[in-house]
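Participant:
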Amino acid sequence: MEKILVAGANTRAVACSLKKLGYTVYSADYFGVMDLRPCADISNSVLNQKPAKSCGKFLERFDSKAIEEKALEMVDDVDGIIFCAGVSPRRFPSDKIIGNYDIQDVQDKYRLFGKLKSEFNVPDTYMIGDFDEALDIASDSPEKNFILKPRHGSGGYGIQMLNLLIKDSNKSELFSNLLKIDENNWIMQEFIDGENISASVLSTKNEAHTILNSCQIIGNKSLGQLEPFGYCGNIVPYPVDGEISETAEKIIDHLSLIGSNGVDFIIKNDELYVVEVNPRLQGTFECAEIVLGVNMAELHLKACQGHLMKVSLPERFAVKMIIHAQHRSQVGNMHFKGIHDLPNQGVIIEKGEPVVTVLTSSPHKEDAITSAQKLVQRVYTSLKPVM
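In my numbering, the protein residues as written are 844 to 1230.
1. Which runs of the alpha helix (DSSP H) fall wholly inside the region 1130-1187 and span at least 4 residues, in chain order?
2. Please state whether DSSP places Q892 in a helix, a strand or coil.
3. Which of helix, strand or coil does DSSP assign to T1047?
4. Looking at the strands, I want to know which residues DSSP matches up with N988.
5. Could you say which of H1143, K893, G865, L848 lies nearest to A871 if we only look at CA atoms?
6. Going straight from the alpha carbon of K1127 to that of S1057, what length do you get?
7. With 16 other CB atoms within 10 Å as the buried threshold, where does N1027 fall?
8. Per the DSSP calculation, S870 is bridged to which residue(s)?
9. In angstroms, rounded to a whole number, what distance separates the CA positions of F1072 and L915?
10. Since H1052 sits in a beta bridge, which residues does DSSP pair it with?
11. Kindly list the residues whose CB is nearer than 6 Å to the CB of D973, restricted to its own chain and excluding five residues on each side of it in sequence; keep chain order.
12. Where DSSP assigns a beta bridge to Q1313, which residues make up the other side?
13. Note down, in chain order, each residue of its chain lying with its Cβ closer than 8 Å to the Cβ of R932, except the 5 sequence neighbours on either side.
14. Do the region 852-866 and the region 1129-1142 meet, that is, are 3 or more Cβ pairs less than 8 Å apart?
15. With D1210 as the anchor, note down where its alpha helix (DSSP H) starts and where it stops.
16. Would you report the Cα separation of Y1074 and Q1059, rounded to the nearest angstrom?
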């Protein structure tokens, strides 16, 4: 195998790790960031970034099928395909996929609940057809709070607190209309107010091993994130926890997943709830490489071939922060250490949209966090608010 195609919303991290391994790298992605270019021999991006032009709003413009079409144009030229968040493998030849193929029951959050509820602790989850049905379910459990979330998707986009929608008549009406248009594509789930933890698991057909646990940064307004449950990064590692690691391994084995996969948990009052499973490489990809001293693409490839490489315990901390624009802004010069996923200089980023990714590390957790926060402020000073 010499040529590998990476397909997803953002392929930069995986593409660069494959390049370090000596592969010829093809890429089909949405963002088309500048630092993808040195890592991808051939790339095709949906977003055409141009100076003084807006990159638009992700939720309005993103279409997984558009990425898939670009990937399908290259599929005959490659030996294998790795999928990142934002793309489904169903339209691609199964014999070329490096990872999981039959994952509809994992990507569909309601079907996932059905597969897990008998053996694992999961939040109460319901399929809803309209807003009135959601109100009826909530009234039957007045002691609980609920969220409404898309059945498909990643990154926490679109998730809403039901009680906040109820208090805002305009939002209630808008969401009620959305449910009518997007019928059977929303679920209602018990809201667990706790600590967001993610486990990274390597697995073959015969065994699974958790290599890392991390704390997720969710809905952080200081990072410009407007989505209340939007993913903003990770703090790695989370203290070693046998229950998290063992439960994650059991879930990956239960779902028959291979390669590198992620399991998202919420911990509340020492009780562990499973909320999502990512049947692909995760957002902790680079943090894992930093703290474990490994190439995550290599670990994924080997696991898919039936071999779990030995991984040492983490000896340092890493922090990932995804910075979002606090105002409609034009990008200045941000070519400094620790900044990744660089947009073209001069492009306009809309308020609340992702700008760049910050990555820092240190033997000390607080130092890594402080360094990341300083870089965040440096990025914001490099953005020029525009009308």
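The C-beta atom is built at its ideal place from N, Cα and C for all residues, glycine as well.
Facilitator: According to the structure data:
1. 1139-1147
2. coil
3. coil
4. In the DSSP output, where bridge partners are listed per residue, N988 has none listed.
5. L848
6. The question names Lys, but residue 1127 is Thr in the sequence shown. Near 8 Å, if we compare the C-alpha coordinates of S1057 and T1127.
7. exposed
8. V849, S886
9. 32 Å
10. L1045
11. L1022
12. As displayed, the chain neither begins before 844 nor continues past 1230, which places residue 1313 out of reach and without an answer.
13. It should be noted that the sequence gives Pro, not Arg, for residue 932. Here the set comprises I924, F926, I940, G942, N943, Y944, I946.
14. yes
15. 1208-1224
16. 7 Å
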